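Undergrad: The opening residue of the sequence shown carries number 476 in the numbering used here; numbering runs sequentially from there. Input: one structure, supplied below.
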Amino acid sequence: MTKPKYTEMEVAGVINKLFSEDPQLTYEELMGAHKRIIVYAKQKMKDNVTVQDRIKAITKRALILSVRKLAQSERIDLGYIQMKHMGLDRVARQVYARVNGKCPWRVLVEGSGLHYPSRQLREWNLKKLVERARTSRQEIEEIGTRGIYSYDSGFIGAARRIVGTFGKLAIIAGADFLTRPGANKRFYSFSAEELVRFTSDESLDEEEKTRAIFNALSLQHYSWGEYSSKVSRIISEGEDNFNLCQQGFFFHSNLESRLEQSQKKHDSLCVSLHLDNITNRFSRAGFYFHGENALDESNRFFHYLNGILTWLNNKI
Numbered sequence: 476m477t478k479p480k481y482t483e484m485e486v487a488g489v490i491n492k493l494f495s496e497d498p499q500l501t502y503e504e505l506m507g508a509h510k511r512i513i514v515y516a517k518q519k520m521k522d523n524v525t526v527q528d529r530i531k532a533i534t535k536r537a538l539i540l541s542v543r544k545l546a547q548s549e550r551i552d553l554g555y556i557q558m559k560h561m562g563l564d565r566v567a568r569q570v571y572a573r574v575n576g577k578c579p580w581r582v583l584v585e586g587s588g589l590h591y592p593s594r595q596l597r598e599w600n601l602k603k604l605v606e607r608a609r610t611s612r613q614e615i616e617e618i619g620t621r622g623i624y625s626y627d628s629g630f631i632g633a634a635r636r637i638v639g640t641f642g643k644l645a646i647i648a649g650a651d652f653l654t655r656p657g658a659n660k661r662f663y664s665f666s667a668e669e670l671v672r673f674t675s676d677e678s679l680d681e682e683e684k685t686r687a688i689f690n691a692l693s694l695q696h697y698s699w700g701e702y703s704s705k706v707s708r709i710i711s712e713g714e715d716n717f718n719l720c721q722q723g724f725f726f727h728s729n730l731e732s733r734l735e736q737s738q739k740k741h742d743s744l745c746v747s748l749h750l751d752n753i754t755n756r757f758s759r760a761g762f763y764f765h766g767e768n769a770l771d772e773s774n775r776f777f778h779y780l781n782g783i784l785t786w787l788n789n790k791i
């Protein structure tokens with residue numbers, strides 16, 4: 476039988492020493508020096524209430540020192556922390572609870588003896604919202620609007636005020652929001668007015684506008700009720716077994732639309748959008764049409780997208 480790397484007595488001894496001596500370590504320093512011991516204690520000594528309480532106390536003390544150190548040279552509002560130091564916010568939510576509507580991070584900051592910087596909605600613009608949503612994209616896809624709202628209602632409120640819904644903000648930031656379980660897809664289609672708003676927003680540069688339009692048209696919900704063909708959407712690279720039939724170029728050729736026909740099955744066609752020369756999570760979205768009316772209906776959808784893109788292209 477393999478001998479355990481640590482005995483529970485050794486682990487408890489280290490935890491007790493950290494608790495009683497208070498070596499004045501920031502959270503980063505604490506985990507750099509004692510991560511293995513702390514992780515072992517959390518996982519293997521769950522039933523030891525004293526050890527778990529002391530780990531929590533040690534973590535809180537270390538977080539307070541981290542916040543005070545950050546405050547000397549960086550911002551300490553939640554939005555900034557989630558962009559630059561998301562790990563600290565995640566740990567704060569593990570050891571602090573909401574108090575009087577204040578998120579755990581704010582509770583930590585104020586508990587550190589610091590003034591939490593008020594953040595009014597007017598400080599948000601579309602560029603800041605998209606940047607924030609992009610950095611939180613994985614979390615958005617995993618826990619959704621309610622999960623984010625539980626610790627940052629200001630972000631959600633600003634998204635709703637400026638974009639309309641938080642889900643639409645997530646989509647233009649590149650989150651595949653409609654794949655989330657329980658997502659009510661019919662709420663996540665963009666109107667022409669909403670798309671024009673992106674192209675005319677002064678906070679976005681041309682690259683951001685092109686990226687937002689590509690993500691919106693690629694990831695939004697489409698109602699296929701008027702189409703008899705079976706339609707599926709796949710986010711992927713292009714396929715070699717499709718022949719190019721028609722194409723269009725928009726936004727200085729950074730966004731391309733294509734109508735392609737399968738070399739193997741003539742009743743299988745694809746309308747695709749391609750994002751070139753601009754960094755994005757996805758660079759291609761393909762809408763595949765199958766059935767006896769695939770040729771006519773894919774052609775109709777291709778011209779529908781081209782009409783929208785031509786109109787938006789003239790708005791920039």
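Just so it is clear, CB atoms sit at the ideal spot from N, CA and C, and this is done for glycine as well. These numbers come from a predicted model, not from an experiment.
1) Please report the straight-line C-alpha distance between Asp651 and Glu683, rounded to a whole angstrom.
2) Would you call Pro498 buried or exposed, if buried means 16 or more other Cβ atoms sit within 10 Å of its Cβ?
3) By Cβ distance below 6 Å, which residues in the same chain neighbour Ile615 in space, the five residues on each side in sequence not counted?
4) With 16 as the cutoff for other CB atoms within 10 Å, does Asn789 come out buried or exposed?
5) Could you tell me which of Thr610, Val574 and Arg573 sits nearest to Gly554, measuring between CA atoms?
6) From Ser758 to Ser693, what distance separates their C-alpha atoms?
7) Hey, Gln527 and Lys519 are a contact pair by Cβ (cut 8 Å); roughly how many whole angstroms apart?
8) Sort out for me which residues DSSP pairs Ala760 with in a bridge.
9) At the level of alpha carbons, what is the spacing between His509 and Phe662?
10) For Lys660, collect the residues of the same chain with a Cβ closer than 6 Å to its Cβ; drop the 5 residues on either side in sequence, then sort them by chain order.
11) With which residues is Phe724 paired in a DSSP beta bridge?
12) Would you mind reading off the limits of the alpha helix (DSSP H) that contains Phe641?
13) I need the boundaries of the alpha helix (DSSP H) containing Ser548, first residue and last residue.
14) Give the single residue among Ser732, Thr501, Asn768 and Arg636 whose Cα lies nearest to the Cα of Leu601.
15) What residue range is occupied by the uninterrupted alpha helix (DSSP H) comprising Ser495?
16) Report yes if the C-beta distance between Ile688 and Leu787 is below 8 Å; otherwise report no.
17) Report the residue from Ile753, Phe717, Lys480 and Phe725 whose alpha carbon sits nearest the alpha carbon of Ser737.
18) Can you tell which of Met561, Ala648 and Ser711 has the C-alpha that lies nearest to the C-alpha of Lys603?
19) Which of helix, strand or coil does DSSP assign to Asn523?
20) Could you tell me the alpha carbon to alpha carbon distance between Glu598 and Lys643, rounded to whole angstroms?
21) Tell me, to the nearest whole angstrom, how far the beta carbon of Ala537 is from that of Thr501; I am working on the premise that it is less than 8 Å.
22) Taking His590 as the reference, give the member of Asp680, Ala546, Gln557 and Ser747 with the closest Cα.
23) As a quick exercise: from Glu606, Leu750 and Ile490, pick the residue whose alpha carbon is nearest that of Arg511.
24) Put Val574 into one of helix, strand or coil per three-state DSSP.
25) Quick check on Asn755: does DSSP put it in helix, strand or coil?
TA: Let's see:
1) 18 Å
2) exposed
3) Ala645 and Ala650
4) exposed
5) Thr610
6) 10 Å
7) Not a contact, Cβ separation roughly 11 Å.
8) Ile710 and Leu748
9) 48 Å
10) Leu653 and His696
11) Glu731
12) Phe641 to Ile647
13) Taken as a continuous stretch (DSSP letters only), Ser548 belongs to no alpha helix (DSSP H), as it is neither H nor E.
14) Arg636
15) Glu483 to Glu496
16) yes
17) Phe717
18) Ala648
19) coil
20) 20 Å
21) 6 Å
22) Ala546
23) Ile490
24) strand
25) coil
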